[in-house]
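Chemist: Just so we're aligned: the sequence shown equals residues 12 to 325 in the numbering used here.
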Amino acid sequence: MIGYILRRLLQAIVVVLVVTVIVFILLHQLPGGAARAILGPRATDLQITEFNLQNGYDKPLIVQYFHQLGQWLTGNFGFSIKLNQSVSSLLVQRMPKTIILGLLSLVLTVVVAVPLGILQAVRRNKPFDYIATGLAFVFYAAPTFFIGLIMIEIFSQQLGWFPPEAPQANGVVPIFAQFDAMVLPIVTLALLSIAGFSRYMRSSVLDNVDQDYVRTAKAKGAGPTRVLYHHVLRNALIPIITLLGLSIPAVFAGALITESIFNFPGMGLLFWQAAQASDYPVELGVVMITAFATVTGNLLADISLAVLDPRVKL
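(1) Assign Pro-292 to buried or exposed, taking buried as 16 or more other Cβ atoms, counted over all protein chains shown, within 10 Å of its Cβ.
(2) Smallest Cα separation from Phe-150: which of Phe-173, Ser-167 and Ala-124?
(3) If Ser-204 sits next to Ser-258, beta carbons under 8 Å apart, how far is it from one beta carbon to the other, in whole angstroms?
(4) Use the C-beta contact count for His-241: other C-beta atoms within 10 angstroms, 16 or more gives buried, fewer gives exposed.
(5) Specify the secondary structure class of Phe-90 as computed by DSSP and reduced to three states.
(6) What separation, rounded to the nearest whole angstrom, lies between the Cα atoms of Ser-116 and Leu-255?
(7) By alpha-carbon positions, which one of Glu-294, Val-216, Ile-36 and Ile-16 ends up nearest to Gln-79?
(8) Could you tell me the distance, in whole angstroms, from the CA atom of Val-26 to the CA atom of Val-306?
(9) Within the chosen definition, does the region 176–196 reach the region 136–154 through at least 3 CB pairs nearer than 8 Å?
(10) Residue range of the alpha helix (DSSP H) that Ser-100 falls in?
(11) Could you tell me which of Gln-168, Phe-303 and Leu-316 sits nearest to Ala-23, measuring between CA atoms?
(12) From this set, Arg-237, Leu-244 and Ile-161, which residue's C-alpha is nearest Met-212's C-alpha?
(13) Locate the alpha helix (DSSP H) running through Pro-174, then write down its first and last residues.
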């Protein structure tokens, strides 16, 4: 097991290094070069020369890469001239909010999707199964921004149950003081995952129902409820636990749109505003953090699968 974990960790490190190379190349492919893109079209030649000297852009590319890699590894993602603030400080302010939004949406996803998938499997090919499957396909196919706008129109504008805008207070604690304003962003971000997770859960339960150990349990006199919750559920949850790690990048991607719709001051909204203002250091910083979260999520998924499922060959 230790050898397997070390191999997967080494692979994750290689992937992260490849991502840094891609981001470095993109940085040098910016229109007019990194200096012109960051300082803006009105920057003078003297300002661009001074910027290149301060940031090492006048040195060979291989030297620039290792210098940039060292900066990234120490948490230095550059400086946002447009916001007059370091990118690292912006990420420290915004990242906890995105993490809270993502965790709450994942909790809601598991709480709803697991029982829904079990119920669909138990009542397969029944009206409930067909209705739930149809709704899952609709939510899985619908764009996140469309779901968010529908949520605002129905539950905020028409019914007036929830505010149309997420909490704007600084810090994480005030978010829970205005939790009613978090309901629509959490549900919007979770609906897509619920649709996918419930389908996986249904398929996993159906696959395990036909296994030999289920027939053995029934032959020993175990009732349907005991067989389902004490035998089938344990094995059926293994793919779902693995999916939790793989869903981290999807949560970050969905947060970009969800936070923009509900004006939630997290990393997603920060990236959206940076894209509109051509604030490239902020965009690159968010890309690096998202890439690291994606690799970490995949690593955790692989390790959890090996730990939970003894059938997996290490």
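Beta carbons: idealized from backbone N, C-alpha and C, even for Gly.
Modeler: Let me spell this out:
(1) A residue is called buried once 16 or more other Cβ atoms fall within 10 Å of its Cβ, and Pro-292 is buried on that count.
(2) Of the candidates Phe-173, Ser-167 and Ala-124, the residue whose Cα lies closest to the Cα of Phe-150 is Ala-124.
(3) About 6 Å separates the CB atoms of Ser-204 and Ser-258; that is less than 8 Å, so the two are in contact.
(4) His-241 is classed as exposed because its beta carbon has fewer than 16 other beta carbons within 10 Å across all chains shown.
(5) Correct three-state label for Phe-90: strand.
(6) Ser-116 and Leu-255: Cα-Cα distance of roughly 11 Å.
(7) Comparing C-alpha distances from Gln-79 to each of Glu-294, Val-216, Ile-36 and Ile-16 shows the shortest one belongs to Ile-36.
(8) Spanning the alpha carbons of Val-26 and Val-306 requires a straight line of approximately 7 Å.
(9) The answer is no - the region 136–154 does not touch the region 176–196, with fewer than three Cβ pairs under 8 Å.
(10) Per DSSP, Ser-100 belongs to the alpha helix (DSSP H) from 98–133.
(11) Checked all of Gln-168, Phe-303 and Leu-316; the closest Cα to Ala-23 is Phe-303.
(12) Of the candidates Arg-237, Leu-244 and Ile-161, Leu-244 places its Cα closest to the Cα of Met-212.
(13) Here Pro-174 belongs to no alpha helix (DSSP H), and DSSP marks it neither H nor E.
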